[in-house]
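Here UniProt numbering is used: the first residue of the sequence shown is 1, the next is one more, and so on. Note that beta-carbon positions come from the ideal geometry of N, C-alpha and C, so glycine has one too. See below for the structure under consideration.
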Amino acid sequence: MTRCCKCPMPAVIYQKYSGMHLCQSHFDDDVHRKVRETIRQTGLFAHGLRLALAMDGGKGSAVMANIIKELFARRRDIDLALLILDDHGPGAKAARIASQQLGLRVSIKALPVSLLNERVASDPAPDPISFAQKMRMMTGLAREMGANAIATGHDLDDMATEVFISYLEGDICGLQYGRQETRQEGYEQGMIPTIQPLRRIPGKEVRLYAIQHGLCFAEMRLEDELHKEARQELCRFDSRHPGTKYSLLRSLEKLDKERSDRSGSQRSKAFK
Numbered sequence: 001m002t003r004c005c006k007c008p009m010p011a012v013i014y015q016k017y018s019g020m021h022l023c024q025s026h027f028d029d030d031v032h033r034k035v036r037e038t039i040r041q042t043g044l045f046a047h048g049l050r051l052a053l054a055m056d057g058g059k060g061s062a063v064m065a066n067i068i069k070e071l072f073a074r075r076r077d078i079d080l081a082l083l084i085l086d087d088h089g090p091g092a093k094a095a096r097i098a099s100q101q102l103g104l105r106v107s108i109k110a111l112p113v114s115l116l117n118e119r120v121a122s123d124p125a126p127d128p129i130s131f132a133q134k135m136r137m138m139t140g141l142a143r144e145m146g147a148n149a150i151a152t153g154h155d156l157d158d159m160a161t162e163v164f165i166s167y168l169e170g171d172i173c174g175l176q177y178g179r180q181e182t183r184q185e186g187y188e189q190g191m192i193p194t195i196q197p198l199r200r201i202p203g204k205e206v207r208l209y210a211i212q213h214g215l216c217f218a219e220m221r222l223e224d225e226l227h228k229e230a231r232q233e234l235c236r237f238d239s240r241h242p243g244t245k246y247s248l249l250r251s252l253e254k255l256d257k258e259r260s261d262r263s264g265s266q267r268s269k270a271f272k
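Below you can see the structure in the form of C-alpha cells.
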C-alpha cells in the first residue's frame, strides 16, 4: 500500500507533475489551495459579491460549486446562486440534482426546443449550443439576478486544450475562451466578469474529487473532432512530459497580463 507523502494515511492519488502521493485529506487541501490562489488573483472576493455558479451537469461545475460554497460558507457578504441552462438533456438533470445537494438558490433558464432544433440542423457537432451562445445566455440570466461575477467549472484540461488549439491555428492572440477577468476589466467592458476556479486542477483530479465527495454529475464530453483529437494528443504528451498542461495555462495567463497592462497604460494616457 502506497502511503501519503505528508502523513501515514494511504494515498488516493499520485500527482506525476509534483511527484507527490496524497491521501484524501491532503488531496482535498491541495485542490482547495489551488482554487483559493486562483480566485484571489481576480480581486473579486475582497469585498461583497453576488456570485453566479454556472452549472452544466458535468463534474467540473459540481466540484466548483461545492468548493466555492465550502470556502465562503462563513462570508456573509458573499451571496452564491446556481445558474442552470436547461437543454432538456442529461446534463441539466444532473445539474438539478447537484443543486439539491448544495442547497443553494437556483435560477433555471429552459432553452427553447426550436433553438435546439435549429442548431442541430445547422451544426452536426455533438454539442448543439456553442460555448459563446451559452455564455451569452448565462450572462443574461446572471444580470437578471444581479450577479457581479460568473464562475464556470472549466478545469486545467479544458484550458490547456483551448490554448493548444489556438497555437495550432495560429490565433493565440485572439483567444478569448478561458480569460479570467478581474472586477475592473469586466465592468469597464460592460460585461460580468467570468472566472474559472478549477483552471489549475487537472481533469482526473476534478473527477476524483467529485467521486470521493459523492457529487452528482453526468458523463459528458460534447466535443467536435478537433477538440477531441487535440485533447487526446495533449493528454498523451502530458503523460510523457508532466507539467505540459500547466505550461500552456501559464502562457495564457502571461498573455492576459500583457493585455491587462496595455489596457491600463491606455487608460492612464486617456486621463493625462
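Give me the Cα-Cα distance between HIS47 and ALA147, rounded to the nearest whole angstrom.
14 Å
Cα-Cα, which of ALA11, LEU226 and LEU141 is closest to LEU85?
LEU141
For TYR167, which residues does DSSP report across the bridge?
Partner(s): none; TYR167 has no beta bridge.
Can you grab the Cα-Cα spacing for the pair ARG199 / MET1, in whole Å?
31 Å
Exposed or buried, what is ILE201 when buried is set at 16 or more other beta-carbons lying within 10 Å of its beta-carbon?
buried
Would you mind reading off the limits of the beta strand (DSSP E) that contains ASP79?
78–86
Could one say the Cβ of ARG75 lies closer than 8 Å to chain D's Cβ atoms, at least one of them?
Of the chains in the structure shown, none is chain D; there is only one protein chain.
My assumption, with CB atoms under 8 Å, is that GLY214 sits in contact with ASP155. Please give the rounded CB distance.
Incorrect: roughly 19 Å between the Cβ atoms, too far for contact.
Pairing CB atoms from the stretch 62–74 with CB atoms from the stretch 236–256, are three or more of them under 8 Å?
no
Is GLU118 helix, strand or coil by DSSP?
Bear in mind that a pLDDT of 48 at GLU118, under 50, signals an unreliable position, so the model cannot answer this.
For GLU144 and ARG250, I'd like the C-alpha separation in whole angstroms.
34 Å
Near ALA81, which residues of its chain fall below 8 Å by C-beta distance, leaving aside the five closest residues on each side in sequence?
ARG50, LEU51, ALA52, LEU53, LEU104, ARG105, VAL106, SER107, MET145 and ALA147
Kindly indicate which residue of GLU253, ASP158, GLN101 and LYS257 has the alpha-carbon position closest to the one of ALA210.
GLN101
Helix, strand or coil: how does DSSP classify LYS16 here?
coil
By DSSP, does MET55 sit in helix, in strand, or in coil?
Here MET55 sits in strand by DSSP.
Return the first residue and the last residue of the alpha helix (DSSP H) that ARG40 is part of.
24–40
Using the Cα positions of LYS6 and LYS204, report the straight-line distance between them to the nearest angstrom.
Cα to Cα, the separation comes out at about 21 Å.
Would you grab the beta carbon distance between LYS245 and ALA160 for me? Rounded to a whole angstrom, and I think it's under 8 Å.
4 Å
Between the alpha carbons of THR42 and ARG36, how many angstroms are there, rounded?
Straight-line spacing of the CA atoms in THR42 and ARG36 works out to 10 Å.
Around the C-beta of HIS88, are 16 or more other C-beta atoms found within 10 angstroms, so that it is buried, or is it exposed?
exposed
In the DSSP assignment, find the beta strand (DSSP E) that holds ILE150 and state where it starts and stops.
149–151
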